[in-house]
Amino acid sequence: MSVVISGLTVSYGRSAVLSGLDLSVSQGELLVVAGPSGCGKSTLLRAVAGLVPFTGQVLVDGVPVRGTSRERAMVFQEDGLLPWRSALRNVELPLALQGVSRESRRSTALAWLDRVGLTGFEDYLPRSLSGGMRQRVQLARTLAQAPALVLMDEPFGALDAQTRSTMQRLVAEVLRETGTTTIFVTHDVDEAVLLGDRVVVLGAGEVDVHRDAILKAVMA
Ligand SMILES: Nc1ncnc2c1ncn2[C@@H]1O[C@H](COP(=O)(O)OP(=O)(O)OP(=O)(O)O)[C@@H](O)[C@H]1O
Ligand SMILES: [Mg+2]
């Protein structure tokens, strides 16, 4: 899926968080969005997901975004899991909504939980999982849906270095394999350089992925 954002303005109350933003992402591209805390990165993802009202235009494959869609899946910065459903049942839910049969959604969910290293934790409720484990459940839930457009909001923020690098590899592999278009928000320069086809710093425009030094300076 391609995304074309033009003149995007999002306001909470009277103050505009994003104002007249233009941005495009082509089919299969992984665009990294960076920028200081509070600059509107999560807000941008929420607008593309159809979760907040905005003015201007967000076109996904040429069609204006109005409300949410199953084709656009989001991994939230804060907890995005349903607290009363087990890890397994959280991953199964969107598949159930897609009409996937009980058996097939169970096996798909179990396979994804395994890929994110959570075999043995299927029946745990979110409150009994660590922050990093909850992020991995969200990741499994998102990738299991095979969405055409993935919106990731600092999905690895709560992970230790080693798990983070395993998850980065997994995500990069799956997204490239499936040609999924991705908007990925991160604070981490190394992650931006590793994963991004392009890096955009909100408020400062595009930064060359290969010029780490500049990126570090802009993201500091
Ligand atoms: N629901 C809301 N109601 C009112 N103001 C909000 C709301 N959500 C975000 N804001 C404000 O909008 C601005 C941008 O918030 P946003 O969450 O998009 O920032 P961010 O770039 O994702 O920051 P961080 O890197 O800390 O996650 C902030 O000033 C924040 O206070
Ligand atoms: Mg945020």
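Take the sequence shown: its position 62, counted from the start at 1, is 62 in the working numbering, and no numbers get skipped. From the three backbone atoms N, C-alpha and C, an ideal C-beta is built for every residue, glycine too. If you're wondering where the values come from, they're calculated on a predicted model, not measured in any experiment.
heavy atom of ligand 2 below 6 Å from residue i C-beta
i	result
aspartate 138	One detail in the question is off: residue 138 reads as glutamine in this sequence, not aspartate. It does not: the Cβ of glutamine 138 is nowhere closer than 6 Å to a heavy atom of ligand 2.
glutamine 77	yes
Residues that residue i bridges to, as DSSP identifies them
i	result
arginine 198	Leu31
alanine 16	Ser11
arginine 72	Leu149
leucine 23	Ile5
proline 64	Leu59
threonine 182	Leu30 and Val150
beta-carbon residue i near ligand 1 non-hydrogen atom, thresh 6 Å
i	result
threonine 43	yes
glycine 40	yes
valine 33	no
valine 17	yes
tyrosine 12	yes
serine 2	no
serine 37	yes
Cut-off 6 Å between Cβ atoms - residues of its own chain near residue i, not counting five sequence neighbours on either side
i	result
alanine 73	Thr142, Gln145, Pro147 and Val150
phenylalanine 156	Arg164 and Met167
aspartate 123	Ser86
serine 24	Val4
glycine 131	Ala158
leucine 129	none
phenylalanine 121	Ala87
Assigned exposure category for residue i - 16 Cβ within 10 Å defines buried
i	result
proline 126	buried
alanine 111	exposed
glycine 203	exposed
leucine 82	exposed
alanine 109	buried
alanine 140	buried
valine 189	buried
valine 17	buried
arginine 222	Only positions 1 to 220 of the chain appear in the structure, and residue 222 is not among them; the question remains open.
glutamine 27	exposed
histidine 102	Sequence inspection shows arginine at residue 102; the histidine mentioned does not correspond to that position. That one is exposed.
glutamine 138	buried
Contacts around residue i, its chain only, beta-carbon distance under 8 Å, and the 5 residues preceding and following it disregarded
i	result
valine 52	Val10, Thr43 and Arg46
aspartate 153	Lys41, Ser42, Leu45, Met74, Val75, Phe76, Gln77 and Val185
arginine 105	Glu92, Leu95 and Ala96
glutamate 29	Thr181, Thr182, Asp197 and Arg198
glycine 20	Gly7, Leu8, Thr9 and Gly56
proline 64	Gln57 and Val58
arginine 70	Pro94, Leu97, Gln98, Gln145 and Pro147
Other residues of its chain near residue i: CB distance less than 7 Å, five sequence neighbours each side excluded
i	result
glycine 67	Gly50
alanine 192	Val32, Ala34, Thr186, Val199 and Leu215
threonine 178	Ala146
Count the C-beta pairs between the stretch 92 to 108 and the stretch 172 to 185 that are closer than 8 Å, then say yes if the count reaches three, no if not.
no
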